[in-house]
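One structure is given here, and the rest of the page talks about it.
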Amino acid sequence: MGEVRVRRLQDADAVMRAAADRFVARAREATARSGRFTVALAGGSTPRALYRLLAGGPDRGSVSWENVDFFFGDERAVPPDHPDSNYRMARETLFDPIGAVAERVHRMRGELPDLEAAAGAYQAELARVFGVSGPGALPAFDLVLLGLGADAHTASLFPATAALDERGRWVAANEVPVLSTSRLTLTPPVLNAAAEVHFLVTGETKAAAVASVLEGPRDPHRFPAQLVEVPHGMVTWFIDGPAARELRHG
Ligand code: 6PG
Numbered sequence: 015m016g017e018v019r020v021r022r023l024q025d026a027d028a029v030m031r032a033a034a035d036r037f038v039a040r041a042r043e044a045t046a047r048s049g050r051f052t053v054a055l056a057g058g059s060t061p062r063a064l065y066r067l068l069a070g071g072p073d074r075g076s077v078s079w080e081n082v083d084f085f086f087g088d089e090r091a092v093p094p095d096h097p098d099s100n101y102r103m104a105r106e107t108l109f110d111p112i113g114a115v116a117e118r119v120h121r122m123r124g125e126l127p128d129l130e131a132a133a134g135a136y137q138a139e140l141a142r143v144f145g146v147s148g149p150g151a152l153p154a155f156d157l158v159l160l161g162l163g164a165d166a167h168t169a170s171l172f173p174a175t176a177a178l179d180e181r182g183r184w185v186a187a188n189e190v191p192v193l194s195t196s197r198l199t200l201t202p203p204v205l206n207a208a209a210e211v212h213f214l215v216t217g218e219t220k221a222a223a224v225a226s227v228l229e230g231p232r233d234p235h236r237f238p239a240q241l242v243e244v245p246h247g248m249v250t251w252f253i254d255g256p257a258a259r260e261l262r263h264g
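Below is the structure:
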């Protein structure tokens, strides 16, 4: 298991500032080393503030945005202009303000009627951009951003869903009965191949999930975020006070 760091910060603003600082540092490290930075963005509402800060904050000029390959950790089964689209949220808060290079924004095509085909197409895009294929090969992101649901799901790896056990494919069309829908999601092997993973978690509604994932019994089918362990890298939890409230340690 890789290194896990838990950073408890005063409030949501402090979480976003700390996460933005580390994002920028990681981007600069990766770009200096390999000429590019590969990142998988989180969806939902929490990361909005981070993306806005990256796009408009003091560090905006510190990242060579033209060398960043943006991917997504998951996507809803909706078109890219739908209010629920993770792509739309990232476009509005980050891609448009920074003038992201369209060819380097790799969108999951949630609008396709055949979500399995969309998952396969995304895997092919990952293979193309990362230049990896074949048995055992995995795309290794420089950074993966993740959120946490109140039910301890992350990306679209929800409790008791099939994608939790996916160890071959890199992208799954995951049926989520509790939401009466399916979603596209990166699978555990891809998340765990990353060099660095950041969980961004704020608000008291997440306190029980944070405590279960970090201090509860190991039970990834109940607490899917426990699957994220990046054996060769680092997981950092950026958590504000309310979300950390039920933690016993640290
Ligand atoms: C999504 C996310 C999902 C999200 C959590 C937390 O598509 O919704 O990938 O895993 O990170 O549900 O969502 P909030 O940030 O909105 O609380």
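In this note's numbering, the protein residues as written are 15 to 264. Built from N, CA and C at the ideal position, the CB exists for glycine as well.
Checklist entry - What does a CB cutoff of less than 8 Å around G255 pick up in its chain, not counting 5 residues either side in sequence? => result R22, L23, Q24, D25
Next on the checklist: Considering only the alpha carbon of each residue, which of N81, A176, A41 lies closest to A113?
Outcome noted: Note that residue 113 corresponds to Gly in the displayed sequence, not to Ala. Comparing alpha-carbon positions, the option among N81, A176, A41 lying closest to G113 turns out to be N81.
Item to check | 7 Å Cβ shell around R259 - same chain, five flanking residues per side excluded | outcome: E218, A221
Checklist entry - Would the beta-carbon of V18 fall within 8 Å of that of D156? => result no
Item to check | Local conformation of R121 per DSSP, three classes | outcome: Coil, per DSSP.
Next on the checklist: Out of A239, H212, H235, which one is the CA nearest neighbour of A225?
Outcome noted: A239
Next on the checklist: Can you tell me where the beta strand (DSSP E) holding S59 begins and where it ends?
Outcome noted: Counting along the chain, S59 falls outside any beta strand (DSSP E), and DSSP gives it neither H nor E.
Checklist entry - Tell me which same chain residues have a C-beta within less than 6 Å of the C-beta of H120, skipping the five on either side of it? => result Its chain contains F85, E139 as the residues whose beta carbon lies nearer than 6 Å to that of H120, once the 5 sequence neighbours on both sides are disregarded; these appear in chain order.
Checklist entry - Quick one: what does DSSP say L126 is sitting in, helix, strand or coil? => result L126: coil per DSSP, three-state reduction.
Checklist entry - CB-CB under 7 Å to T175, same chain, minus the five flanking residues each way: which ones, in chain order? => result N188, E189, V190
Item to check | Beta-bridge partners of H235, as assigned by DSSP | outcome: According to DSSP, which records beta bridges pairwise, H235 is partnered with nothing at all.
Checklist entry - Shortest alpha-carbon distance to V244 belongs to which of A257, L126, R236, L160? => result The shortest C-alpha separation from V244 is found at L160.
Checklist entry - Taking three-plus beta-carbon pairs below 8 Å as touching, is the segment 191-208 in contact with the segment 126-137? => result yes
Next on the checklist: Per DSSP, what are the beta-bridge partners of D95 in this structure?
Outcome noted: Answer is none; D95 lacks a bridge partner.
Next on the checklist: In the DSSP output, which residue or residues are listed as bridge partners for T195?
Outcome noted: V190
Checklist entry - What do you reckon, is the C-beta of L162 under 7 Å from a heavy atom of the ligand 6PG? => result yes
Checklist entry - If you drop the 5 nearest sequence neighbours on each side, which residues of the same chain put their C-beta closer than 6 Å to that of L261? => result Cβ neighbours of L261 beyond the five flanking positions: A225.
Item to check | Presumed contact (8 Å Cβ cut-off) between F252 and L214, rounded CB distance | outcome: 5 Å
Next on the checklist: With the cut-off set at 8 Å, would you say V211 and V185 are in Cβ contact?
Outcome noted: no
Checklist entry - From S76 to A39, what distance separates their C-alpha atoms? => result Taking the straight line joining both Cα atoms gives about 9 Å.
Item to check | Top-ranked residue by Cα proximity to N206, from R74, T195, A169, P94 | outcome: A169
Checklist entry - In this structure, what does DSSP give as the bridge partners for W184? => result Its beta-bridge partners do not exist; DSSP assigns none.
Next on the checklist: Just checking H212 against the ligand 6PG - is the residue's beta carbon closer than 7 Å to any of the ligand's heavy atoms?
Outcome noted: no
Checklist entry - If you draw a straight line from the alpha carbon of M122 to that of D88, how long is it in whole angstroms? => result 7 Å
Checklist entry - Going along the chain, which residues of its own chain have a beta-carbon closer than 6 Å to the beta-carbon of A44, five neighbours each way excluded? => result F51, D156
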